[in-house]
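Here is the structure we will look at.
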Amino acid sequence: MNVKISRNAAKVLQMELDKDENKGLNVRVQVTHKHGDHAHYGLGLDDKTANDVVVSTDKGIDVLLDKNEPLLDGIRIDYFYVPEEGFMITNPSKGNHGDH
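Using numbering that gives the first Met the number 0, the first residue of the sequence shown is number 0, and each one after it goes up by one.
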């Protein structure tokens with residue numbers, strides 16, 4: 000499985016991972032809703048389970064993904080400051096470019 004993460008997203012996620020209350024947790028991306036070949040994604044911090052694969056990114060952030068969910072392979076995690084601050088998760092490899 001493959002995960003891309005932007006520099007801004009890695010910076011914000013690392014600040015969360017460095018907090019004492021989050022020690023030992025990993026970043027998790029999950030599919031919260033899907034219809035057809037399109038998915039909506041959720042992001043959080045979690046412990047690894049038996050169904051997870053840990054994907055290391057080039058930004059030093061490990062991401063937990065459900066190994067049985069093909070719509071997670073190829074996701075991109077971005078963080079934007081404008082027009083509204085927050086994360087955006089898309090999967091360009093599956094045709095999801097965040098336009099919906």
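No residue lacks a Cβ here, since even glycine has one placed at the ideal position from N, Cα and C.
Query raised in the report: What three-state label does DSSP hand aspartate 19 in the structure shown?
Result: Here residue 19 corresponds to residue number 20 of the sequence shown, with the count starting at 1. Note: aspartate 19 maps to helix in three-state DSSP.
Requested in this report: Please classify leucine 54: is it buried, with 16 or more other beta-carbons within 10 angstroms of its beta-carbon, or exposed?
Outcome: Position 55 of the sequence shown, counted from the start, is the residue given in the question as residue 54. The displayed chain sequence assigns valine, not leucine, to residue 54. Label assigned to valine 54: buried.
Query raised in the report: So, helix, strand or coil for alanine 49, using DSSP?
Result: Sequence index remark: in the sequence shown, residue 49 carries index 50 (1-based). In this structure, alanine 49 counts as coil in the three-state DSSP scheme.
Requested in this report: With DSSP as the reference, label valine 11 as helix, strand or coil.
Outcome: As a first step, residue 11 must be located in the sequence shown, where it is residue number 12. Correct three-state label for valine 11: helix.
Query raised in the report: Considering only the beta carbon of each residue, do tyrosine 80 and serine 5 sit closer than 8 Å?
Result: Numbered from 1 along the sequence shown, position 81 holds the residue referred to as residue 80. Numbered from 1 along the sequence shown, position 6 holds the residue referred to as residue 5. No.
Query raised in the report: According to DSSP, is serine 5 helix, strand or coil?
Result: Mapped onto the sequence shown, residue 5 falls at position 6. The three-state secondary structure of serine 5, taken from DSSP, is coil.
Requested in this report: Return the bridge partner residues of lysine 33 from the DSSP annotation.
Outcome: The residue you call residue 33 lines up with position 34 of the sequence shown. Paired residue(s): Ala38.
Report task. Check whether the Cβ atoms of asparagine 1 and aspartate 72 lie closer than 8 Å to each other. Result -> Here residue 1 refers to the residue found at position 2 of the sequence shown. Here residue 72 refers to the residue found at position 73 of the sequence shown. The answer is yes: Cβ separation under 8 Å.
Query raised in the report: Using DSSP with H/G/I as helix, E/B as strand and the rest coil, what is leucine 63?
Result: Here residue 63 refers to the residue found at position 64 of the sequence shown. Leucine 63: strand per DSSP, three-state reduction.
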